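Heads up: the sequence shown at position 115 corresponds to 115 in the UniProt record's numbering, and the numbers run straight through without jumps.
For each residue, glycine too, the CB sits at the ideal point set by N, CA and C.
All of these numbers come straight from a predicted model, not from anything done at the bench.
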Amino acid sequence: MAYHRARSSWSELPWDLLDCILQHLELPEALAVASVCAPWRYAAGVLGVPRSGTPWLVSQSLGISPGEKAPGSEFRNLVLGASKTYTVSLPQRRHHLALCGASQGWLIGSDELSDLLLYNPFTFAVIPLPPITDLGGVRAVYDHDGLTIVGYDYGNSDELLCRPPNKHALGCRFYEKVALSCDPSRGGGDCIAMAIYGINQRRLLMLKVGGGQWMAPLQIDQEEVGVRQDNESPDPQKRFYSVTMYGVVATWDLDTGPAQEPEKHVIINAEATYRGILARFLVSTPWGGLLQIRVKRRTGRYRSSQIKVEVLEVDVEERTLVKLSRATAFREHAVFVGLNESACLDAKVASFNIFTHHSAKVRSSIHSWVLAGGMPIQTFPIPRLV
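Dropping the structure here:
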């Protein structure tokens with residue numbers, strides 16, 4: 001009699017066992033599991049494994065040092081409300097990483113010397129940017145041995161900004177925002193980083209990722225709040241958009257090259273009145289539009305703690321603002337705004353990652369709004385050192 005041994009298949013692994021395995025894996029490993037076979041890919045999606053293109057919401061003051069608990073990445077789905085937490089390791093040979101934001105699928109961090117770097121938590125790829133001392137007005141202060149950096153001077157101030165062992169803390173409050181023109185792993189060397197930095201006065205600069213130096217910094221409005229790269233425009237020119245608290249919207253053409261001063265073109269001039277404005281953000285939409293999200297403090301008695309969200313469309317060609325209805329502005333999409341790269345996603349399938357790190361110390365906080373149909377549906381505290 002012939003005996004036939006039953007052939008087992010990895011695709012038949014019980015879901016409860018697969019769930020247990022996934023809970024102990026870091027993000028890259030969980031993604032590898034999801035790519036084994038169709039049943040595992042489906043199970044991973046149901047169990048909360050994010051896709052590599054999922055947006056990140058990151059606390060600006062978030063940081064971790066040796067001996068502290070590793071940061072987790074919390075995955076949430078707007079529709080199902082499901083949450084999963086995965087461990088994310090620090091880049092190799094990095095002893096500290098303060099996360100300053102995220103752009104084009106990469107996390108932007110500041111290391112133990114307050115130098116910027118790009119980190120892909122899915123592939124562990126790291127792209128270091130030029131050191132902080134290459135920025136305009138920043139000077140390193142060394143110990144008596146002349147080798148160890150103990151802090152930094154900035155601008156005309158004689159005050160030592162950061163002292164040991166917290167010299168890395170400068171990066172938490174020094175970098176206002178960093179945005180990328182494209183995914184540096186797919187940009188073919190054409191990826192350009194745009195950074196807004198400073199303490200009392202904001203400065204803007206650019207550089208080509210992977211080579212070159214920061215261009216000469218440009219002083220901008222103190223209240224500069226955000227940038228938005230134009231990836232969907234049929235115009236072959238690459239450009240960033242910026243908005244200030246005063247309402248000035250401008251484009252920065254990148255074809256001049258990061259080694260030269262970029263050409264700035266003002267689209268919208270400053271508003272006559274801007275009292276009560278708490279924040280402004282620029283958001284590109286899947287249908288090719290450019291929105292300005294304006295967060296205001298409600299006026300009137302007993303309303304000092306209430307906010308009002310207004311949505312305006314930026315007509316780049318006509319150089320005008322068009323106020324939109326809060327009920328129809330997003331076309332069943334959810335908008336994420338804050339210190340990260342803003343995003344407009346289909347609310348039916350939208351999901352995102354949040355880095356959580358409970359030992360981060362903050363002195364004040366701002367908030368990032370999640371909007372649907374023009375009204376806030378959920379808020380997330382975004383700690384920020386000031």
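Next on the checklist: Could you pull the DSSP bridge partners for M245 from this structure?
Outcome noted: Within the sequence shown, numbered from 1, the residue matching residue 245 stands at position 245. In DSSP, M245 forms no bridge with anything.
Item to check | Sequence-distant residues of the same chain with beta carbon closer than 7 Å to I127, five excluded per side | outcome: In the sequence shown, the residue the question calls residue 127 occupies position 127. Excluding residues within five positions, the ones whose Cβ falls inside 7 Å are L117, L118, P184, V209, G210.
Checklist entry - Exposed or buried, what is E317 when buried is set at 16 or more other beta-carbons lying within 10 Å of its beta-carbon? => result Walking along the sequence shown from the start, residue 317 turns up at place 317. Exposed: under 16 other Cβ atoms inside 10 Å.
Checklist entry - Between Y42 and A34, what straight-line distance do the alpha-carbon atoms span, to the nearest angstrom? => result Working through the sequence shown from its first residue, we reach residue 42 at position 42. Working through the sequence shown from its first residue, we reach residue 34 at position 34. Taking the straight line from one Cα to the other gives about 8 Å.
Checklist entry - For P128, which three-state DSSP category applies? => result The residue given as residue 128 occupies position 128 in the sequence shown. DSSP places P128 in strand when its eight states are reduced to three.
Checklist entry - So which of F281, G288, W287, E332 has the shortest CA-CA distance to V311? => result Here the question's residue 311 lines up with position 311 in the sequence shown. Closest by alpha carbon: F281.
Item to check | Local conformation of V362 per DSSP, three classes | outcome: In the sequence shown, the residue the question calls residue 362 occupies position 362. Its pLDDT being 27, under 50, V362 is placed unreliably by the model, and the measurement read from it follows with that caveat. DSSP places V362 in coil when its eight states are reduced to three.
Item to check | Same chain, Cβ closer than 6 Å to I196, five either side skipped, listed in chain order | outcome: Residue mapping note: residue 196 aligns to position 196 of the sequence shown, counting from 1. If we look at I196 and ignore the five residues flanking it on each side, its Cβ neighbours are E176, K177, R202, L204, E224.
Next on the checklist: Quick check on the DSSP output: what are the complete beta strand (DSSP E) runs of length 3 or more inside the region 272-314, in order along the chain?
Outcome noted: 277-284, 290-297
Checklist entry - How close, in whole Å, do the beta carbons of S284 and A179 come, if the pair is a contact with beta carbons under 8 Å? => result Counted from its first residue, the sequence shown places residue 284 at position 284. Counted from its first residue, the sequence shown places residue 179 at position 179. Incorrect: roughly 11 Å between the Cβ atoms, too far for contact.
Item to check | Residues near E12 by beta carbon distance below 6 Å, same chain, minus five either side | outcome: Your numbering for residue 12 matches position 12 in the sequence shown. Here the set comprises nothing.
Checklist entry - Given a threshold of 16 other Cβ atoms within 10 Å of its Cβ, counted over all protein chains shown, does T320 qualify as buried or as exposed? => result Stepping through the sequence shown from its first residue, residue 320 is reached at position 320. So T320 ends up on the exposed side.
Checklist entry - Who are Y42's beta bridge partners in DSSP? => result The residue you call residue 42 lines up with position 42 of the sequence shown. DSSP output for Y42 lists no bridge partner at all.
Checklist entry - Buried or exposed: A38, going by 16 or more other Cβ atoms within 10 Å of its Cβ? => result If you number the sequence shown from 1, residue 38 lands on position 38. A38 comes out exposed.
Item to check | I21 (DSSP reduced to helix, strand or coil) | outcome: By one-based count along the sequence shown, residue 21 stands at place 21. Here I21 sits in helix by DSSP.
Next on the checklist: Buried or exposed for Q306, going by 16 or more other Cβ atoms inside 10 Å?
Outcome noted: Here residue 306 refers to the residue found at position 306 of the sequence shown. Q306 is exposed by the Cβ-count criterion.
Item to check | Reduced DSSP category for F122 - H, G, I as helix; E, B as strand; rest coil | outcome: What you label residue 122 is simply residue 122 of the sequence shown in a count that begins at 1. DSSP places F122 in coil when its eight states are reduced to three.
Checklist entry - Per DSSP, what kind of secondary structure is R173 in: helix, strand or coil? => result Residue mapping note: residue 173 aligns to position 173 of the sequence shown, counting from 1. Of the three classes helix, strand and coil, the one that applies to R173 here is helix, per DSSP.
Checklist entry - To the nearest whole angstrom, what separates the beta carbons of I277 and K308, a pair I think is in contact under 8 Å? => result Here residue 277 corresponds to residue number 277 of the sequence shown, with the count starting at 1. Here residue 308 corresponds to residue number 308 of the sequence shown, with the count starting at 1. Contact doesn't hold; Cβ gap of about 10 Å is too wide.
Item to check | Host beta strand (DSSP E) of L205 (start-end) | outcome: Locating residue 205 in the sequence shown gives position 205, counting from the first residue. First-last of the beta strand (DSSP E) with L205: 203-208.
Checklist entry - In chain order, what residues of the same chain have a beta carbon less than 8 Å from the beta carbon of L47, not counting five sequence neighbours either side? => result Mapped onto the sequence shown, residue 47 falls at position 47. For L47, where only same-chain residues beyond five positions count, the Cβ hits under 8 Å are W15, L18, D19, L22, K84.
Item to check | Simplified DSSP assignment, three categories, for D115 | outcome: For the purposes of this step, residue 115 is identified with residue 115 of the sequence shown, where counting begins at 1. D115 falls in the coil class under three-state DSSP.
Item to check | Per-residue burial, Q292 [other beta carbons within 10 Å of its own, 16 or more giving buried] | outcome: Position 292 of the sequence shown holds residue 292. Answer is buried; the Cβ neighbour count reaches 16.
Item to check | Distance, A279 Cα to Y142 Cα | outcome: Residue 142 sits at position 142 when you count from the first residue of the sequence shown. Residue 279 sits at position 279 when you count from the first residue of the sequence shown. Going by the C-alpha atoms only, they are around 38 Å apart.
Item to check | Closest by C-alpha distance to A193, when choosing among A140, A250, R173, L129 | outcome: Here the question's residue 193 lines up with position 193 in the sequence shown. Measuring from the Cα of A193, the nearest candidate turns out to be L129.
Item to check | Rounded straight-line distance, which links the Cα of P91 to that of D267 | outcome: In the sequence shown, the residue the question calls residue 267 occupies position 267. In the sequence shown, the residue the question calls residue 91 occupies position 91. Sequence check: residue 267 is Ile here, not Asp. Spanning the two alpha carbons is a distance of roughly 40 Å.
Next on the checklist: Can you give me the C-alpha to C-alpha distance between V314 and I108, rounded to a whole angstrom?
Outcome noted: Within the sequence shown, residue 314 is the residue found at index 314, counting from 1. Within the sequence shown, residue 108 is the residue found at index 108, counting from 1. In a straight line, the C-alpha of V314 is about 28 Å away from that of I108.
Checklist entry - Quick one: Cα of V337 to Cα of N269, how far? => result Position 337 of the sequence shown holds residue 337. Position 269 of the sequence shown holds residue 269. If you take the alpha carbons of V337 and N269, they lie about 22 Å apart.
Checklist entry - Mind checking V49: buried by the 16 CB within 10 Å criterion, or exposed? => result If you number the sequence shown from 1, residue 49 lands on position 49. Classification for V49: buried.
Item to check | Closest by C-alpha distance to N120, when choosing among G247, P28, Q213 | outcome: Taking the first residue of the sequence shown as 1, we reach residue 120 at position 120. Nearest option by C-alpha distance: P28.
Checklist entry - Candidates H24, W106, E112: which alpha carbon is nearest H96's? => result The count along the sequence shown starts at 1 and reaches residue 96 at position 96. Checking every option, the nearest Cα to that of H96 belongs to E112.
Checklist entry - So the alpha helix (DSSP H) A30 belongs to, where does it begin and stop? => result What you label residue 30 is simply residue 30 of the sequence shown in a count that begins at 1. 27-34 is the extent of the alpha helix (DSSP H) around A30.
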